[in-house]
Amino acid sequence: MTPRPGSARVLRLEQVVGGMGLLATGLSIVMAVGALLAWAMDGGGLPHVFFGISVIAFFTLAVFLSLLTRNARALASMEEERQRVEQSLRASEARLAAIVSGAADAIISIDGAQRITVFNEGAEHIFGYSAREALGQSLDLLIPERYHQLHRQHVALFTTGTESSRTMAERLPIVGRRKSGEEFPAEASLSKVDLDGAHLLTVMLRDISARKRAEEVLRNSEEHFRTAFEDAPIGMAIVGLDGRFLNVNAGLCAIVGYSQRELLGRRFRDITWHEDLDADLANFQRLLTGELSSYQREKRYVHKQGHLVDILLTSSLVRDARGEPLHFIAHMQDISERKLLEQALRFLAEAGPRLAGSLKTRTTLTAVARLAVPALADWCVVELVDDNGNVLSLEGVAATPEKSMLLDAVLGAYPHDPLRHGNIVAGVLQTGRSVLFPQVPETLLEEMAEDAAHLEMLRRIAPVSGIVVPLQARGRILGVAILWTSESERHFGARDLTLAEELANRAALAIDNAFLHEKSEQATRIRDEVLRVVAHDLRTPLNVIALSATTLLKRTPEQRASDTRPLEVIRKAVQRSHRLIQDLLDVARMEAGRLKVARAPQDTASLVGEAIDLHRALAEAKSIQLIADVPDDTPPLLADHDRVIQILSNLIGNALKFTPEGGTIIVRVEPEGGTVRFSVRDTGAGIAAEDIPSLFEPFWQARVGSKDGTGLGLAIVKGLVDAHGGHLWVESSPGMGSTFSFSLPTGPRAESQLTHHA
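When the count follows full-length UniProt numbering, it moves up by one through the sequence shown with no breaks and lands on 758 for the last residue.
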């Protein structure tokens, strides 16, 4: 390494001083030796003087040489220090140059005229200019034109100010311009150094385009998360590690009925049904330990109003970059409707086999009521009605024994009339449309009650909500099912109405199947009865005919001519057989729906008189008074003459059969609007209430009175009345006799005969 000029001079000075020291030492030795010799030779005088001068000179020279040597060494040390400082400065300058050159940020220095004096590689990369292109150019080269004037003012203010450095973009964003003209966001700091009265400004600028894009992506992501969280159609929550709600969305608030503020003050366990809490805590612990990454399960929340809400919960754990747990994310989907639907489907699936388990109407009614209570309601009344609205069968069930006793008391004290209850049941029977009462008002109870005692009973039942649904099957309305809630305080809604209607449809089909089965059994009985009648009732007249014919064959012609009694017996037997066959044919036509009537204007009084004349002899034989009560102004009928006579004959004959000797039978006629009402009243034993529904069934006979006959008379009467478009009914009680009534339409006094098929 070549020494610097200053260090060489110091080295030569040290060499000269060293040489002079050796010379002075030699001179001192010579002078000392000379002085000693002079002293020895003379012992005084001039030698003494020379000796003294030599000593002084020697001492002076030694001191000078010592000072000179120390100064030389000090200068050498200073030179070495200066060399070390210069070397350190050169290293610092090299490091600074390397830093400036290799910095990723742009480092730009400008002079007082704002011209670029330093332009590092970072600036070249950011702005796209080379250092050669940028050096000496105005700083405006790197700034969008719209900011030139404003930027010059800011730099001028900073140059004359007291601050030595400041961060730019304190008020406005920094925007740079690349060589391509592209603008980009930046952040920068500005510093100044005063050098010999001049200001050197240095700008350190960083391109933050990527960061801005990342921030924008992050903002978008956060906005997407916020939107997805807050506007999600399901419940969402962020739950702390202590189980407290950190954030909840509107969906969760809607599910549980709490406001966001109310939930943020609670833990998830505060709204979890106690039976589901242990499983939740266990799953949370498994998430914390890493055994699970997420889990899903069905659970129940307690709504603010107190009822349970079924939800499908999905929960997962969020961890930070180091893997430490931060919080839980939970999604809650309200599945209450789905659970109710599943329960309804299970209920209906179970209802099918139970309803189909019996082909007995009464058993099916009981099954319907017990299916509805308590699954759907606290009370259920199921009733079947006939085509005229009369109750055929009734079944009531309540959820508790005490309520059952109260319901039985109400139904026992006030027999159910479908045409009452504010026409609610009547309306359902007529329209076939269900009725829903989400809330039962007091006015409805008052409308349903027959009197004050009945109203008090209804109030004790305390219905809260109600449903009345028709029992419809194969196009027919068989009856209604009435459902009420009370102690459960449940309010029926549209979903409950749908479920009740589904149950009613299945029940109606089961009941109708029971009807059809019973009808099939009845048809079998009728068939057997027909065979019995044919075998028994036809055999008797045939035997009579055979015996009479045998008797006639055994007699001579003169005997046969003089005694015609066997022939009369044969004639009556044939008439009886013909009547029996005709009745059987009429029943068959009725069953097939092909019973014919040929309607024409008929005099009412004449019809009644003809029918009474046919039975007068028999009535007199039994001492029974047979009375006709026909007003003079009775209008004519539009009816089939022979069929009306058949109706009256069957009713009068039936009355004669069950009226004891000395009794009375009254045939009364009363005009009623466009119809004429006929009634046949007797003073017989009467009919038990349980027998009345069976009176008009083919081959049915009462348990009291004569057993003669086939049991077809009243069935034929009903068929003929129906064929005329009339109405037939009976009023009777044991010991009080019976009154059979029917109505037929009136017609003009003169009208051509028409034939109708019913």
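Glycine included, each C-beta is placed from N, C-alpha and C at the ideal position.
Keep in mind it's a predicted model, so treat the numbers as computed, not measured.
Exercise for the section: Select from 115, 186 and 293 the residue whose C-alpha is nearest the C-alpha of residue 173. Expected result: Taking the sequence shown and counting its residues from 1, one reaches residue 173 at position 173. When each option's Cα is compared against that of residue 173, the closest is 186.
Practice task
Would you check if the region 660-667 and the region 711-724 touch, i.e. whether three or more CB-CB distances between them fall below 8 Å?
Solution key: no
Exercise for the section: Could you have a look at residue 657 and say whether DSSP puts it in helix, strand or coil? Expected result: As a position in the sequence shown, residue 657 is number 657, starting the count at 1. Looking at residue 657 - three-state DSSP - the assignment turns out to be helix.
Practice task
Could you tell me whether the region 345-360 touches the region 508-526, using the rule of 3 or more Cβ pairs below 8 Å?
Solution key: yes
Practice task
Go through its chain and collect everything with a Cβ distance to residue 679's Cβ below 6 Å, but skip five positions before and after it.
Solution key: As a working note, residue 679 is residue 679 in the sequence shown. Correct list, in chain order: 668, 739 and 741.
Practice task
Specify the secondary structure class of residue 186 as computed by DSSP and reduced to three states.
Solution key: For the purposes of this step, residue 186 is taken as residue 186 along the sequence shown, with counting starting at 1. The answer is strand: DSSP assigns residue 186 an E or B state.
Exercise for the section: To the nearest angstrom, report how far apart residue 764 and residue 447 are at their CA atoms. Expected result: Examination of residue 764 is not possible in this model, given that the chain is present from 1 through 758 alone.
Practice task
Express the C-alpha separation of residue 413 and residue 734 in angstroms, rounding to a whole number.
Solution key: Working through the sequence shown from its first residue, we reach residue 734 at position 734. Working through the sequence shown from its first residue, we reach residue 413 at position 413. Going from the Cα of residue 734 to the Cα of residue 413 covers about 21 Å.
Problem - Helix, strand or coil at residue 111 according to DSSP, with G and I counted as helix - result: Your numbering for residue 111 matches position 111 in the sequence shown. If DSSP states are grouped into helix, strand and coil, residue 111 belongs with coil.
Practice task
Would you check if the distance between the CB atom of residue 206 and the CB atom of residue 140 is smaller than 7 Å?
Solution key: The residue labelled residue 206 in the question sits at position 206 within the sequence shown. The residue labelled residue 140 in the question sits at position 140 within the sequence shown. Not closer than 7 Å, so no.
Problem - C-alpha gap between residue 744 and residue 643, whole angstroms - result: What you label residue 744 is simply residue 744 of the sequence shown in a count that begins at 1. What you label residue 643 is simply residue 643 of the sequence shown in a count that begins at 1. Spanning the two alpha carbons is a distance of roughly 12 Å.
Handout entry: Cβ-Cβ distance between residue 367 and residue 354 below 7 Å
Key = Residue 367 sits at position 367 when you count from the first residue of the sequence shown. Residue 354 sits at position 354 when you count from the first residue of the sequence shown. Going by C-beta atoms, residue 367 is nearer than 7 Å to residue 354.
Exercise for the section: Indicate whether at least one CB of chain B lies closer than 7 Å to the CB of residue 489. Expected result: Of the chains in the structure shown, none is chain B; there is only one protein chain.
Practice task
Provide the residue(s) that pair with residue 745 in DSSP beta bridges, ordered along the chain.
Solution key: Within the sequence shown, numbered from 1, the residue matching residue 745 stands at position 745. According to DSSP, residue 745 bridges with 675.
Exercise for the section: Could you have a look at residue 312 and say whether DSSP puts it in helix, strand or coil? Expected result: Indexing the sequence shown from 1 puts residue 312 at position 312. Reduced to three states, the DSSP call for residue 312 is strand.
Practice task
Put residue 373 into one of helix, strand or coil per three-state DSSP.
Solution key: Here residue 373 refers to the residue found at position 373 of the sequence shown. If DSSP states are grouped into helix, strand and coil, residue 373 belongs with coil.
Exercise for the section: For residue 707, count neighbouring C-beta atoms within 10 Å of its own C-beta (all shown protein chains included) and say buried if the count is 16 or more, exposed if not. Expected result: Counting from 1 along the sequence shown, the entry for residue 707 is found at position 707. Reliability fails at residue 707, whose pLDDT of 48 lies under 50, so the model's placement of it is uncertain and the value that follows must be treated cautiously. Residue 707 is exposed by the Cβ-count criterion.
Practice task
Taking only the alpha-carbon atoms, compute the straight-line gap between residue 649 and residue 398 and give it to the nearest angstrom.
Solution key: Here residue 649 refers to the residue found at position 649 of the sequence shown. Here residue 398 refers to the residue found at position 398 of the sequence shown. Taking the straight line from one Cα to the other gives about 49 Å.
Practice task
Whole angstroms is fine: what's the gap from residue 748's alpha carbon to residue 631's?
Solution key: As a first step, residue 748 is located in the sequence shown; it is residue number 748 there, counting from the start. As a first step, residue 631 is located in the sequence shown; it is residue number 631 there, counting from the start. Their backbone Cα atoms lie some 17 Å apart in a straight line.
Problem - CA nearest to the CA of residue 390, picked from 429, 274 and 258 - result: In the sequence shown, residue 390 corresponds to position 390, counting from 1. The residue with the shortest Cα to Cα distance from residue 390 is 429.
Exercise for the section: Compare the C-alpha of residue 285 against each of 254, 271, 305 and 325 and name the closest. Expected result: Translated into positions along the sequence shown, residue 285 becomes position 285. The shortest C-alpha separation from residue 285 is found at 325.
Handout entry: Inter-residue Cα distance where the pair is residue 727 and residue 387
Key = Stepping through the sequence shown from its first residue, residue 727 is reached at position 727. Stepping through the sequence shown from its first residue, residue 387 is reached at position 387. Cα-Cα distance, rounded: 11 Å.
Problem - Residue closest to residue 151, alpha-carbon to alpha-carbon, out of 350, 138 and 685 - result: Indexing the sequence shown from 1 puts residue 151 at position 151. For residue 151, the nearest C-alpha among the options comes from 138.
Practice task
Look at residue 232 and residue 249 and say whether their C-beta atoms are less than 7 Å apart.
Solution key: As a first step, residue 232 is located in the sequence shown; it is residue number 232 there, counting from the start. As a first step, residue 249 is located in the sequence shown; it is residue number 249 there, counting from the start. Yes.
Exercise for the section: Go ahead and label residue 756 buried or exposed: buried means 16 or more other beta carbons lie within 10 angstroms of its beta carbon, across all protein chains shown. Expected result: To locate residue 756, count along the sequence shown from 1; it is residue 756. Bear in mind that the predicted position of residue 756 carries a pLDDT of just 38, short of 50, making it unreliable; the figure below should be weighed with that in mind. Exposed is the call here.
Handout entry: Rounded straight-line distance, which links the Cα of residue 697 to that of residue 514
Key = Your numbering for residue 514 matches position 514 in the sequence shown. Your numbering for residue 697 matches position 697 in the sequence shown. Distance between the alpha carbons of residue 514 and residue 697 is about 18 Å.
Practice task
Would you give the residue range spanned by the beta strand (DSSP E) that residue 436 belongs to?
Solution key: By one-based count along the sequence shown, residue 436 stands at place 436. Run containing residue 436: 435-437, per the beta strand (DSSP E) assignment.
Practice task
Note down the Cα distance separating residue 732 from residue 654, rounded to an integer number of angstroms.
Solution key: Position 732 of the sequence shown, counted from the start, is the residue given in the question as residue 732. Position 654 of the sequence shown, counted from the start, is the residue given in the question as residue 654. So the alpha carbons of these two residues sit roughly 14 Å apart.
Exercise for the section: Would you mind giving the Cβ-Cβ distance between residue 485 and residue 408, rounded to the nearest angstrom? I have them listed as a contact below 8 Å. Expected result: Counting from one through the sequence shown, the residue named residue 485 turns up at place 485. Counting from one through the sequence shown, the residue named residue 408 turns up at place 408. At roughly 19 Å, the Cβ-Cβ gap does not stay under 8 Å, so residue 485 and residue 408 are not in contact.
Problem - Three-state secondary structure assigned by DSSP to residue 716 - result: For this step, residue 716 is matched to residue 716 along the sequence shown. DSSP places residue 716 in helix when its eight states are reduced to three.
Handout entry: Option nearest residue 693 by Cα separation, candidates 671, 722, 730 and 666
Key = Along the sequence shown, one-based indexing puts residue 693 at 693. The shortest Cα separation from residue 693 among 671, 722, 730 and 666 belongs to 730.
Problem - Boundaries (first-last residue) of the beta strand (DSSP E) holding residue 123 - result: Position 123 of the sequence shown, counting from 1, holds the residue named residue 123. No beta strand (DSSP E) contains residue 123, which is instead part of the alpha helix (DSSP H) from 121-127.
Problem - Cβ distance (whole Å) where residue 340 is taken to contact residue 490 below 8 Å - result: Reading the sequence shown from its first residue, position 340 is the one you call residue 340. Reading the sequence shown from its first residue, position 490 is the one you call residue 490. So it is not a contact: roughly 12 Å between Cβ atoms.
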